[in-house]
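What follows is a set of notes on a single structure, which appears directly below.
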Amino acid sequence: MQLSKLLAILPAVELALGCHPEGPPVPRPRQLKQSRRFQDALSGLATLFDDALTSKIKAGFDVQNISFSIGITSFDQPQSDLLVWEYHHLSPANVNGTKSVDRHSQYLIGSISKVITDTLLLRSGINYDDAVTKYLPSLANKESLTNWGDITLRSLAGQVAGIVPNYGFSEFYYLKDYFEYLGFPLLTNNSYPECGVTAMDTGGCNREQLLRGMLISDPVAPPQTRPVYSNIAFTLLAYAVETYTGKSYSQLIRELSLALNMPSTRPSPGDDTLAVVPAVPNNWGSDYGDGVAGGGLVSTLADLSSYMHAILNKSPALSTPTKIRAWLKPHTFTGATGFQGSPWEIFRPNPAFLFPKTYNATSHTGGHTVTITGKDGVAYNYRSRISLLETYGLGLTILTAGDQSALPILFNAVISTLIPAIDAAALEQAAEHYAGVYTQNTPSSNATATATVAMDGPSLRLTNLTLNGKDILFGLDEIWKYSLSPLLAAEMAKTTGIYRIYPAEIYREATWDGRKVVKEDWRFEWGLEENAGAETDLPGRGISEGECKSWKLVDWLYYGGQSVDRFVFVKDGETGEVVGMEVPFLRTGVLERGG
746 MQLSKLLAIL PAVELALGCH PEGPPVPRPR QLKQSRRFQD ALSGLATLFD DALTSKIKAG
806 FDVQNISFSI GITSFDQPQS DLLVWEYHHL SPANVNGTKS VDRHSQYLIG SISKVITDTL
866 LLRSGINYDD AVTKYLPSLA NKESLTNWGD ITLRSLAGQV AGIVPNYGFS EFYYLKDYFE
926 YLGFPLLTNN SYPECGVTAM DTGGCNREQL LRGMLISDPV APPQTRPVYS NIAFTLLAYA
986 VETYTGKSYS QLIRELSLAL NMPSTRPSPG DDTLAVVPAV PNNWGSDYGD GVAGGGLVST
1046 LADLSSYMHA ILNKSPALST PTKIRAWLKP HTFTGATGFQ GSPWEIFRPN PAFLFPKTYN
1106 ATSHTGGHTV TITGKDGVAY NYRSRISLLE TYGLGLTILT AGDQSALPIL FNAVISTLIP
1166 AIDAAALEQA AEHYAGVYTQ NTPSSNATAT ATVAMDGPSL RLTNLTLNGK DILFGLDEIW
1226 KYSLSPLLAA EMAKTTGIYR IYPAEIYREA TWDGRKVVKE DWRFEWGLEE NAGAETDLPG
1286 RGISEGECKS WKLVDWLYYG GQSVDRFVFV KDGETGEVVG MEVPFLRTGV LERGG
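Below, the structure is given as structure tokens:
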């Protein structure tokens, strides 16, 4: 049968939270340097920062005691120019180090070192599920207070090993007399750890001392019970990867720096001439010894932007795309909105804060969830944060030196400005790139098919689909009643007639009409939510109302071997322009894009 196909894709009319799959609701925006909406928003943010630093508005932090660098990179930026926006400030009180701050200025990055250490494991190919005793056999000691044979590299990287945070470092010998004054028992120096004690003349711990210390340290929690933040975990991971590769930690960092264009990322101490050194007491120039893996690296805005660019693009210099995606996933909970990864710190802000002008808390419309995958770092009067917004293909870096209260204020200001602007840019680009009429040019055909798609919510929505005058969407609703609906509890309700389509992030190279094309899969979801509105006198009514169930029914309904929730856009292999579309279950073939 010959078909004619019409597909109209209309601009967005509103945003809705709804029930949508994890991942980008529309394709990630590109060429943000050319996006007026995005650039205008960040230009306004720069003006606010200027005003805060000159006391025209209240900053909320000590503007005379803060230096910082902020940068945003996008996944599609060329390696030669990774930053789509940056802002720098040097405290007038700083007298040591660099005299001007830019993307190449060096900061201590604290525990961002942990995620870079974990990157070394990812690159090495080591088995994350091996017990740490495989690489550090001295820990397999029956006298140990911790059963190290139950602790894997993955649990160490994910902060769920239940081991001590530090060894020696958490002891403050300079407070010994004050402890005693407050009534604590008198101690001899032999009561303290043999190394690493702050302000005690023991020196830092070497490998043998630290491993001995692990045998006499009490566990904090059973493995895989709850997150316990640990610097020592990453020292142990560094030892393990050194054993596995036969290379030192410094060698591995140098190799990573070369592979990802991170020339300034190195163990402390860094380069004094490039350093951002606060005017208050600080750790710049410290030798972290074997503790470097957990918090002793130096880096720059340029280096960390290059690092996140590689992650966003699933660079083979890191690992395979599948392993990188798995590495970015959460593994446990840290609180009401927080999740812990390896060693990513992941959270989803309330959409009311991200979309304050449009969000309706009663109807949950006007915004959607955004996952922020990041890592914080703290050194003495240094505080830093890297954040991946994979939904939009963006990386955000904030490095500060001085008043540590500044970082969350700066972060909140950037995120509250960035996300609404980038979300609007993404929707605008999706409407522009996918809008149009799609038709099969067969004038002799007596068959007709039409479809309409609108940007209604965080993605495109299929609002009309007909074949030979028959309403296919009505047909899908009817088929639902007799196929999938009987498999579900009576309390489960599908939003009738709503068919949102989302990019599946599956791409295939092909040939069509004599040219190379890329076929891009999209899927609709059934809009399935828990319906707890049934009349009942029992308590708890409404607790599970609105729980998303749509993910359970992706690819479940077929017609003649083709999934009815699959749609395929066809893009020119050279330009990336959308030139056609397929609806496989309707057997339409490729439909050409018109105006």
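Take the sequence shown: its position 227, counted from the start at 1, is 972 in our numbering, and no numbers get skipped. Every residue gets a Cβ at the ideal spot worked out from N, C-alpha and C, and that includes glycine.
Test item: CB-CB of residue i and residue j under 8 Å
i: Met-1053; j: Leu-1133; result: yes
i: Ser-869; j: Asn-839; result: no
i: Leu-790; j: Ala-1158; result: yes
i: Tyr-880; j: Thr-792; result: no
i: Met-959; j: Thr-891; result: yes
i: Tyr-1127; j: Met-1326; result: no
i: Ile-1243; j: Asp-1266; result: no
i: Gly-1040; j: Gly-1122; result: yes
i: Ser-1064; j: Gly-903; result: no
i: Glu-1254; j: Gly-1321; result: no
i: Pro-1061; j: Pro-769; result: no
i: Arg-775; j: Asp-821; result: yes
i: Ser-1009; j: Thr-1045; result: yes
i: Tyr-912; j: Ser-962; result: yes
i: Arg-1268; j: Asp-1310; result: yes
i: Ile-1019; j: Gln-851; result: A small correction: the amino acid at residue 1019 is Leu; Ile does not occupy that position in the sequence shown. Contact flag set, yes.
i: Lys-816; j: Leu-828; result: Per the sequence presented here, residue 816 reads as Gly, with Lys not at that position. Contact: yes.
i: Thr-1116; j: Glu-1135; result: yes
i: Lys-1264; j: Val-1315; result: yes
i: Leu-691; j: Leu-982; result: Given that the chain is displayed from residue 746 to residue 1340, the structure contains no residue 691 and the question cannot be resolved.
i: Val-986; j: Ile-871; result: yes
i: Arg-1260; j: His-765; result: no
i: Thr-970; j: Gly-894; result: no
i: Arg-899; j: Tyr-873; result: yes
i: Leu-1099; j: Ile-1167; result: no
Proximity winner among the options, relative to residue i (alpha-carbon distances)
i: Pro-823; options: Gly-1039, Ser-1051 and Gly-1086; result: Ser-1051
i: Trp-1301; options: Gly-1287, Pro-1284 and Glu-1270; result: Glu-1270
i: Pro-837; options: Ser-1204, Pro-964, Gly-1119 and Asp-807; result: Asp-807
i: Gly-855; options: Leu-1019, Val-1037, Asn-810 and Asn-934; result: Val-1037
i: Lys-1074; options: Ala-1166, Pro-1012 and Ile-1056; result: Ile-1056
i: Thr-862; options: Ser-900, Pro-1014 and Leu-997; result: Leu-997
i: Ser-1308; options: Glu-1319, Gly-1285, Pro-1329 and Lys-1316; result: Pro-1329
i: Lys-859; options: Leu-1172, Pro-1012, Leu-798 and Leu-1283; result: Pro-1012
i: Ser-1230; options: Asp-1266, Leu-890, Tyr-1252 and Lys-1294; result: Lys-1294
i: Leu-956; options: Arg-1260, Glu-939 and Thr-943; result: Glu-939
i: Gly-1181; options: Pro-769, Ala-1151, Val-1324 and Arg-1332; result: Val-1324
i: Gln-809; options: Leu-853, Asn-911, Pro-1088 and Ala-1146; result: Ala-1146
i: Ala-876; options: Gly-1339, Leu-901 and Leu-835; result: Leu-901
i: Val-965; options: Lys-1316, Glu-1135 and Ile-896; result: Ile-896
i: Ala-1071; options: Thr-1118, Val-846, Pro-1101 and Lys-1264; result: Thr-1118
i: Pro-968; options: Trp-1257, Lys-1120 and Val-905; result: Val-905
i: Asn-934; options: Pro-1026, Ser-883, Asp-922 and Pro-1101; result: Asp-922
i: Leu-1001; options: Asp-1048, Ser-1031, Thr-970 and Ala-985; result: Asp-1048
i: Val-771; options: Gly-1138, Asp-1258 and Thr-1256; result: Gly-1138
i: Ala-797; options: Leu-1155, Lys-887 and Glu-925; result: Leu-1155
i: Thr-864; options: Ile-1069, Phe-794 and Pro-1101; result: Ile-1069
Cβ distance (whole Å) where residue i is taken to contact residue j below 8 Å
i: Ser-819; j: Leu-787; result: Actually they are not in contact, since the Cβ atoms of Ser-819 and Leu-787 sit about 12 Å apart, beyond 8 Å.
i: Ser-1161; j: Ile-1143; result: Between Ile-1143 and Ser-1161 the Cβ distance is about 14 Å, and since that is not below 8 Å, they are no contact.
i: Val-973; j: Pro-910; result: 7 Å
i: Tyr-919; j: Ala-885; result: Not a contact, Cβ separation roughly 36 Å.
i: Gly-1083; j: Val-1043; result: Not really, about 28 Å apart at Cβ, beyond 8 Å.
i: Arg-1093; j: Thr-1114; result: 5 Å
i: Asn-1028; j: Tyr-1125; result: 4 Å
i: Ile-857; j: Ile-1131; result: 6 Å
i: Thr-980; j: Asp-1017; result: The pair is not a contact, with the Cβ atoms about 26 Å apart (cut-off 8 Å).
i: Glu-916; j: Tyr-937; result: 6 Å
In DSSP terms, what residue i is bridged to
i: Ser-1129; result: Gly-1122 and Leu-1144
i: Gln-1307; result: Tyr-1304
i: Leu-1042; result: Pro-1012
i: Met-1326; result: Phe-1314 and Leu-1336
i: Glu-1173; result: According to DSSP, which records beta bridges pairwise, Glu-1173 is partnered with nothing at all.
i: Gln-954; result: None; Gln-954 has no bridge partner.
i: Tyr-1252; result: Glu-1265
i: Lys-1215; result: Leu-1212
i: Gln-851; result: Ala-1020 and Thr-1045
i: Ile-1117; result: Phe-1092
i: Arg-899; result: Answer is none; Arg-899 lacks a bridge partner.
i: Tyr-1183; result: Arg-1338
i: Tyr-832; result: Ile-815
i: Glu-1270; result: Arg-1245
Any non-hydrogen atom of the ligand ATP within 7 Å of residue i CB
i: Thr-1114; result: The ligand ATP is not among the ligands present in this structure, which contains no ligands whatsoever.
- Query: Which full runs of the alpha helix (DSSP H) of 4+ residues lie inside the stretch 767-830, going along the chain?
  - Reply: 781-798
- Task: Just list the alpha helix (DSSP H) runs in the stretch 1047-1113, keeping only unbroken ones of 4 residues or longer that don't cross its boundaries, in chain order.
- Result: 1066-1072 and 1096-1099
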